[in-house]
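Peer 1: Here you go, one structure.
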Amino acid sequence: MTDQQLYELACQAMERAYAPYSGYRVGACLLSRDGQTFQGCNIENASFGATLCAERAAVCHAVSLGVRDFSAIAIVGSASMAWPCGICRQVLREFGADLRVLIGHAGHGFQVTTLKDLLPNSFGPESM
Ligand code: THU
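Mapping of the sequence shown onto my numbering: position 126 corresponds to residue 127, and the numbering continues sequentially without gaps.
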């Protein structure tokens, strides 16, 4: 799986976003260390606080299928680079600080960073 392919899978997931309130669609695709991919999209709610981000939807997808060991995630926004929110950074951190993170804007490419850069000095399972 190349970075470009992972980005394209996130773009595909973005097309399935349910975002009638913000209009901002987000897609994510997690890559497990054994090469499986798990897509997610943002799912908004009339009770705004119940909205689920795309990254957390992808994590729920993978973990529900018994997969917890990830090497990368691509996150794509419909109107800008999709920098992950603080809650999603922490949720991703739970499953490893060494994750590569591709931040994309649909139709405009992506850049590569790491979860360590996005969430330095993080608190995780090893901290307790
Ligand atoms: N959103 C995500 O899916 N991921 C993030 O990390 C940031 C925000 C979604 C939530 C909401 O549906 C829309 O983007 C606008 O906030």
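Heads up, the beta-carbon is just placed ideally off N, CA and C, and yes, glycines get one too.
Going by the DSSP bridge assignment, what does residue 106 pair with across the sheet?
Peer 2: In the sequence shown, residue 106 corresponds to position 105, counting from 1. Partner(s): 78.
Peer 1: With a threshold of 7 Å (Cβ to nearest heavy atom), would residue 95 be considered close to the ligand THU?
Peer 2: Taking the first residue of the sequence shown as position 1, residue 95 is located at position 94. Residue 95: no, Cβ never under 7 Å from the ligand THU.
Peer 1: So the alpha helix (DSSP H) residue 59 belongs to, where does it begin and stop?
Peer 2: What you label residue 59 is simply residue 58 of the sequence shown in a count that begins at 1. Where residue 59 is concerned, the enclosing alpha helix (DSSP H) stretches over 55-65.
Peer 1: So which residues put a beta carbon under 6 Å from any heavy atom of the ligand THU, going in chain order?
Peer 2: Proximity annotation: the ligand THU has residues 20, 23, 25, 27, 43, 45, 52, 54, 55, 56, 85, 86, 89 in chain order, each selected because its CB is closer than 6 Å to a heavy atom of the ligand.
Peer 1: Which one or two residues does DSSP pair with residue 19 in a beta bridge?
Peer 2: The residue you call residue 19 lines up with position 18 of the sequence shown. Looking at the DSSP assignment, residue 19 forms a beta bridge with 44.
Peer 1: Below 8 Å between beta carbons: does that hold for residue 12 and residue 98?
Peer 2: Along the sequence shown, read from residue 1 onward, the residue named residue 12 stands at position 11. Along the sequence shown, read from residue 1 onward, the residue named residue 98 stands at position 97. Contact flag unset, no.
Peer 1: Quick check: the Cα distance between residue 1 and residue 28, rounded to an integer number of angstroms?
Peer 2: Any answer about residue 1 is impossible in this case: the structure gives the chain only from 2 up to 129.
Peer 1: Which first and last residues belong to the alpha helix (DSSP H) in which residue 1 is found?
Peer 2: Any question about residue 1 goes unanswered here, given that the chain covers just 2 to 129.
Peer 1: In angstroms, rounded to a whole number, what distance separates the CA positions of residue 34 and residue 100?
Peer 2: Taking the first residue of the sequence shown as 1, we reach residue 34 at position 33. Taking the first residue of the sequence shown as 1, we reach residue 100 at position 99. So the two alpha carbons sit approximately 10 Å from each other.
Peer 1: Quick check on this structure: which residue in 109, 104, 36 has the alpha carbon closest to the alpha carbon of residue 116?
Peer 2: Within the sequence shown, residue 116 is the residue found at index 115, counting from 1. Checked all of 109, 104, 36; the closest Cα to residue 116 is 104.
Peer 1: Looking at the structure shown, is residue 73 part of a helix, part of a strand, or coil, going by DSSP?
Peer 2: In the sequence shown, counting from the first residue as 1, residue 73 sits at position 72. If DSSP states are grouped into helix, strand and coil, residue 73 belongs with the strands.
Peer 1: Might you give, ordered along the chain, the residues of its own chain that have their beta carbon closer than 6 Å to the beta carbon of residue 39, omitting 5 neighbours on each side?
Peer 2: Along the sequence shown, one-based indexing puts residue 39 at 38. Here the set comprises 31, 59, 62, 63.
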